[in-house]
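Before any comments, here is the structure.
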Amino acid sequence: MTDHSEIDSVTGRATTGHEWDGIKELNTPLPRWWVITFYLTIVWAIGYWIVYPAWPLISGNTRGVMGYSSRADVAVELANLDKIRGDKMVVLGAASLADIEENPALLALARAKGKTVFGDNCAPCHGSGAAGAKGYPNLNDDDWLWGGTLDQIMQTIQFGARSGHAKTHEGQMLAFGKDGVLKPDEIVTVANYVRSLSGLPTRKGFDATKGEKIFADNCVACHGDGGKGNQELGAPNLTDKIWLYGSDEAVLIETISNGRAGVMPAWDGRLDPSTIKALAVYVHSLGGGK
Amino acid sequence: MNKPVNPNELTSDDDGPLYVAQKKVYPQSVSGTFRRIKWGLMAFCLGVYYFLPFVRWNRGLGAPSQAVLIDLPNSRFYFFFIELWPQEVYYFTGLLIVAAVALFLMNSVGGRIWCGYLCPQTVWTDLFYAVERFVEGDRRERMRKDKSGGTLTLRRVSEIALKHSIWLMIAWWTGGAWVLYFNDAPTLVKELLTFQAPMIAYIWIGILTATTYVLAGFMREQVCTYMCPWPRIQAALTDEWALNVTYRYDRGEKRTSVKKAAELRALGEQVGDCVDCYQCVAVCPTGIDIRNGPQLECIQCGLCIDACDNVMTRIGRPKRLIGYDNDINIQRRQEGRAPVYRIVRARTVAYSAIIAAVGGIMLYVLATRTLLDVNVLHDRNPLAVRLSDGSIRNAYTVRLLNKSGYDRVVAIDADGPINSTIHVVGTDSVTPDRPMIVIPRDSTSELRLLVTAPADGNPEKSVPVRFHVTDIGLGEVASATDNFVAP
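Chains as they are written, first to last, in our numbering: chain A, 173 to 462; chain B, 10 to 496.
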C-alpha cells in the first residue's frame with residue numbers, strides 16, 4: 173500500500189491521504205486504549221465460543237467446555253422453588269379437600285396456587301376470571317355439568333370430559349338432525365318445548381303436547397324427566413337460566429341438529445396431585461361450588 | 010462568526026481546566042460562644058444518631074421493642090408510640106413539607122443555620138477536623154507539615170496513619186449505626202461482631218463508611234460549594250431582613266494595625282476596628298474571607314464571630330465586629346440611626362403558619378387514625394354471575410386490616426340490593442348468615458365475599474353496596490362502598 177498521506181500545512185498534522193473534491197481529512201486515529209479494548213473483545217469472544225454453547229451445527233450446536241445450559245439453570249431454579257414451597261405443598265397434598273376449605277391458611281394457599289395454575293392452564297378456554305364463553309362453562313355459577321362438589325370438580329380436572337383418558341367423563345349430545353333421527357319441523361317443535369321448560373317465550377302455533385312427546389321419546393334418556401339433567405352423563409339441566417351454547421331458538425335448533433361434544437382435557441399426569449387439589453379448591457371457592 | 014486567525018498564530022484550543030483545583034483549608038481552632046453551641050449541637054446530633062437505635066419501647070409480646078425501627082421485611086415503621094403501615098407513607102410527605110418550610114423559616118430568621126450547625130456534612134466535617142487537629146496539631150503546624158512535602162519521617166507516617174484510622178473508625182461507626190435502624194439493634198450488634206449478620210448489613214456499612222470517610226475527610230467544603238443545591242436556593246429565598254453572619258464594615262473600615270489605630274485615635278481620627286489580623290480567615294472551615302461580604306461558600310457557622318470577638322476583647326474594642334446582622338442595619342448605623350431587627354414579618358409569619366397548619370393536619374390525622382380498616386375490590390372478570398335460579402351474584406375481594414396489637418373477631422354486613430345475602434368463602438360451617446372472621450393482630454386478612462341478589466325486584470344495572478366490618482368485642486366499625494352490578 174502506497175502511503176499517500178501528507179502533512180497538512182495549517183495544523184501540521186498528517187492527513188489520511190484521501191481527497192474528496194479537494195477536501196482532505198486529517199488523520200485522527202482511534203485512541204490506543206480504544207483499539208486495545210476492541211482487540212480484547214475479539215479475544216474475549218473467541219474464549220466465549222470455547223467456554224459456552226455458541227456455534228450452530230447441523231443437528232444442535234457446540235456445547236462449550238463448561239457444559240452450561242440455560243435449561244439446566246431453569247431446572248435448578250424450579251428445584252429451589254420446590255424446596256422453598258416444600259412443607260406447605262406437602263401439607264396441602266396431605267389435607268382432604270374439605271379440610272383445606274375450612275382452614276383459612278390452607279384455603280389462602282390453595283387459592284393463591286390455584287389462581288396461578290388456572291391462569292397458566294385453564295384460562296385459554298374458561299377465561300382468566302373463569303367466566304367461560306360459549307361452549308366453555310362459566311365456573312363462577314352454580315350450574316355444573318359434571319357436578320359441583322369438591323370431589324366432582326377434582327375428578328373432572330383430573331380426567332376431563334371426552335378427553336380420551338381411560339377414566340374420562342363420557343356422554344355427548346347426539347346429532348338428531350344430521351343423523352336423521354328427527355325431521356326439521358320436529359326439531360323446531362322440540363327446541364320450543366325446551367325453551368318452555370325454563371319459561372322462555374315460544375314460537376306462535378307451537379304444539380306443546382307434540383313437543384313433550386318428542387322430548388320424552390328422544391331426550392329424557394339423558395336429560396331426565398322434565399329436563400332436569402343428569403350429571404352422570406354431563407347432560408345439562410334444561411330448566412335453569414344457564415345455557416352453555418345459548419338459549420335462542422336458532423342455537424337450540426343447531427344444537428339438536430348437529431349435537432355437541434365439547435372437550436375438557438385430562439390434567440392427571442400433567443399437573444401434580446397437590447396442584448390439582450389446589451385448582452379444585454380454587455374453582456370451588458369461586459362461588460358456585462356445592 | 011469568529012474572526013479568522015492566521016494559521017501561524019494558532020495555538021492549542023486549551024480553555025484551561027474545567028474546575029478550580031481544591032485549595033486545602035486548614036481551619037484553626039477557636040473558642041467562644043458559637044464554638045460552644047456547635048460542640049453542643051454536634052454532641053446532641055451525633056448522640057441521637059448513634060444511640061437512638063438502642064432505645065427500647067415496650068409494644069407487647071411478639072412486637073419489636075425498638076423505639077425507632079424501619080422494619081422493611083414486614084413493611085412497618087415504628088416510632089415510639091406510632092406504628093405506620095406502607096399505605097400511611099403520606100405522613101412522611103407531611104414531615105418533609107414541615108422540614109422544608111422549617112428550613113425556609115430558619116433561613117429568613119438567621120440565614121444558613123442548617124448549614125452552619127445542623128447539616129450532617131457540617132457536623133461530621135467538624136468532627137473530622139477536630140480529629141485532624143488532635144493528631145496533627147493546629148493550623149500552622151498542619152500547614153508546615155504539608156509544606157515540608159515528601160519528608161516522611163516515621164513520626165509523620167504514624168500521625169497520618171493514626172488520623173486515617175480514627176476517621177475510618179468514626180466512618181465505620183456511622184455506617185454501623187445506620188443499619189441498626191433497620192433491625193433490632195442489640196441483636197444486630199451481636200451478629201455483626203460474630204460475623205453472622207446478613208451480607209446486606211455489611212454492604213451498607215461499607216457504603217456509608219466510604220461516603221462518610223470521603224465526604225467528611227476529603228471533600229469537605231467542596232460538598233457545600235459544588236454539590237449541594239441549598240446554597241443556591243437559599244440565596245434566592247433570603248430577604249433584606251434575614252440575619253446573616255456579616256462583617257460590619259461600617260465599624261471595621263478602614264482597617265488599620267493596632268498600633269497605628271491607637272495613634273490615630275489619639276489624634277481624634279476616625280479609624281476602623283478591623284486590625285487585619287486574618288483570624289476570621291484562619292478559623293473558616295470553607296477558607297473564605299467573610300469581610301468580602303456574603304458569599305456562596307459561607308456556611309455561616311459563626312466561628313469567625315468567635316475568632317473576631319477574641320481579638321476585639323484582647324485589643325479592648327467592643328465585640329461583634331462580625332456578627333449576625335444585615336445590610337439594612339449597617340446602612341442605618343452609617344446614617345447614625347439605631348439598628349432594627351425584624352424577626353416577625355410577613356415571610357416568617359407565613360412560614361410559621363404553614364408549619365402550624367401542616368403539623369396540625371398531621372397531628373389530627375394521626376390522632377384520629379383508625380386501627381381497623383377494610384378495602385373492597387369488585388371482581389372484574391366476571392363482573393356478575395347469573396345463577397341457575399336466575400339470581401345474580403357479585404364477588405368481591407375484601408381485605409381486612411387490623412393495625413392494633415390484639416387479635417380481633419369481626420362480623421361483616423352488607424347493605425346492598427333488596428333481599429341480598431352475603432357469604433364469605435370458607436366460613437360456611439361457623440356463621441352462615443353474618444360471616445365472622447378472626448384477624449390476627451397487626452396483619453391483614455384477604456377474603457372472597459359473595460353477594461347474591463334475586464333478579465326480581467332489582468331492576469337496576471348498578472346499585473351501591475356498603476360493607477360494614479364490626480369488631481364484635483370493641484364495637485369499632487370500618488366501612489367501604491362498592492357497587493353491585495347486574496349482567
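Even glycine gets a Cβ: it sits at the ideal position worked out from N, Cα and C.
Chain order gives the chain B residues near lysine 413 of chain A as Arg395, Leu396, Ser397, Asp398, Gly399, where near means a beta carbon separation below 8 Å. The DSSP-derived three-state label of arginine 241 of chain B is helix. If you draw a straight line from the Cα of tyrosine 287 of chain B to the Cα of tryptophan 133 of chain B, it is about 25 Å long.
Listed along chain B, no residue sits closer than 7 Å to glycine 336 of chain A by beta-carbon distance, the nearest being about 30 Å off. Each of B/Leu392, B/Asp422, B/Cys293, B/Ile448 was checked against the Cα of serine 471 of chain B, and the nearest Cα belongs to B/Leu392. Pairwise C-beta distances place the segment 40 to 48 of chain B out of contact with the segment 144 to 161 of chain B, as fewer than three of them are shorter than 8 Å. Identification of chain B residues near glycine 301 of chain A by a Cβ-Cβ cut-off of 8 Å yields Asp388, Arg389, Asn390, Pro391, ordered along the chain.
Each of A/His190, A/Arg204, A/Leu212 was checked against the Cα of leucine 198 of chain A, and the nearest Cα belongs to A/His190. Under the Cβ criterion of 8 Å, glycine 398 of chain A is not counted among the residues facing chain B. Its chain contains Trp66, Ala76 as the residues whose beta carbon lies nearer than 6 Å to that of phenylalanine 89 of chain B, once the 5 sequence neighbours on both sides are disregarded; these appear in chain order.
By the CB criterion at 8 Å, valine 290 of chain B and alanine 270 of chain B fall outside the cutoff. His432, Val434, Gly435: these are the residues of the segment 422 to 435 of chain B whose beta carbon lies less than 9 Å from some beta carbon of chain A, given in chain order. About 7 Å separates the beta carbon of glutamate 230 of chain B from that of glycine 296 of chain B, a gap short enough to meet the 8 Å contact definition.
The residue from B/Ala52, B/Cys317, B/Val254 with its alpha-carbon nearest to that of aspartate 282 of chain B is B/Cys317. Residues of the segment 456 to 488 of chain B whose Cβ lies closer than 7 Å to any Cβ of chain A, in chain order: Arg457, Leu459. The alpha carbon of tyrosine 417 of chain A has as its nearest neighbour, out of A/Pro445, A/Arg432, A/Arg367, A/Val182, the alpha carbon of A/Arg432.
Within a 10 Å sphere around the beta-carbon of serine 457 of chain A sit 16 or more other beta-carbons, which makes this residue buried. For arginine 402 of chain B, the chain A residues whose C-beta falls within less than 9 Å of its own C-beta are Asn312, Asp313, Asp314, Gly459, Gly460, listed in chain order. If you look at tyrosine 333 of chain B, you'll find it in the beta strand (DSSP E) that goes 331 to 334.
Each residue's CA atom was taken as its position, placing aspartate 254 of chain A and tyrosine 454 of chain A some 20 Å apart.
Annotation: Cβ neighbours of alanine 280 of chain A in chain B (cutoff 8 Å, chain order): Glu455. By the rule that beta-carbons nearer than 8 Å mark a contact, glutamate 273 of chain A touches chain B.
Positions of the alpha helix (DSSP H) runs, each at least 4 residues long and wholly inside the segment 280 to 358 of chain A, are given as 295 to 298, 322 to 331 in order along the chain. DSSP, reduced to helix, strand and coil, places glycine 185 of chain B within a helical segment of the structure shown. Between isoleucine 446 of chain B and isoleucine 421 of chain B the beta-carbon gap is near 7 Å, inside 8 Å, which marks them as a contact.
Chain order gives the chain B residues near proline 276 of chain A as Gly435, where near means a beta carbon separation below 7 Å. Close CB contacts of isoleucine 363 of chain B within its chain, under the 7 Å cut and outside five residues either way in sequence, are with Val110 (chain order). Between cysteine 310 of chain B and tyrosine 126 of chain B, the CB-CB gap stays under 8 Å. A distance below 6 Å between beta-carbons, with the five flanking residues on each side excluded, links alanine 225 of chain B to the following residues of its chain, in chain order: Trp133, Thr134, Phe137. For a Cβ distance threshold of 9 Å, residue set Ser397 of chain B lies close to asparagine 409 of chain A, ordered along the chain.
For tyrosine 365 of chain A, the three-state secondary structure derived from DSSP is helix. By the beta-carbon neighbour count (other beta carbons within 10 angstroms, threshold 16), proline 62 of chain B is buried.
Straight through space, the alpha carbons of threonine 453 of chain B and alanine 52 of chain B are spaced by roughly 42 Å. Excluding the 5 residues flanking it on each side, arginine 375 of chain A has same chain C-beta neighbours closer than 6 Å at Asn364, in chain order.
Close CB contacts of serine 413 of chain B within its chain, under the 8 Å cut and outside five residues either way in sequence, are with Leu380, Leu381, Arg450, Asp451 (chain order). Going by DSSP, threonine 406 of chain B is part of the beta strand (DSSP E) stretching over 401 to 411.
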